[in-house]
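First up is the structure itself, then whatever we jot down about it.
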Amino acid sequence: MPITSYLALSAILFSLGLYGVLTKRNAVVVLFCIELMLNAANINLVAFSKYGLYANQTGHVFTLFTITVAAAEAAVGIAILIALYRNRNSVKADHYNMMKG
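What follows is the structure in structure tokens.
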């Protein structure tokens with residue numbers, strides 16, 4: 001498969017994630033869309049690692065770090081959302097303005 005296939009898939013995933021982050025009000029859906037965007041970046045890293053000028057494993061290593069950070073981000077994000085849901089009884093992002101100064 002040519003690299004353009006991977007880049008097109010990555011662009012589609014990133015666009016879907018960006019659309020979800022900008023338009024959705026449900027905080028859980030926003031977290032899922034952020035995960036989509038991170039996975040699009042991972043596809044780019046692996047594709048450029050495979051087809052790049054220097055074919056090495058650097059992209060794979062960065063992808064593993066990104067997956068680790070994404071898992072931690074999801075765990076912390078869900079924990080914060082559960083705590084906020086217990087206080088506000090809502091998962092809509094519009095209702096979470098209590099952190100403003």
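Take 1 as the starting number for the sequence shown in the UniProt record's numbering and just add one per residue. Ideal placement from N, C-alpha and C gives every residue a C-beta, glycine not left out. Quick caveat, the model's predicted, so the values are computed rather than measured.
Cross-strand partners of Lys92 (DSSP beta bridge):
Asn26
Looking at Leu7: is its Cβ nearer than 8 Å to the Cβ of Ala47?
In this structure, Ala47 lies closer than 8 Å to Leu7 by Cβ.
Between the CA atoms of Leu38 and Thr63 - distance to the nearest angstrom:
9 Å
Could you tell me which of Asn89, Val91, Leu13 sits nearest to Ile43, measuring between CA atoms?
Leu13
Closer than 7 Å: Glu35 CB and nearest the ligand GTP heavy atom
Absence of the ligand GTP is noted for the structure shown, with no ligands found whatsoever.
Scan the segment 32-92 and note each continuous alpha helix (DSSP H) run of 4 residues or more that stays entirely inside, going in chain order.
58-88
By Cβ distance below 6 Å, which residues in the same chain neighbour Gly17 in space, the five residues on each side in sequence not counted?
Cys33, Leu36, Met37
From Ala27, Val21, Thr66, Tyr51, pick the residue whose C-alpha is nearest to that of Ala83; which is it?
Ala27
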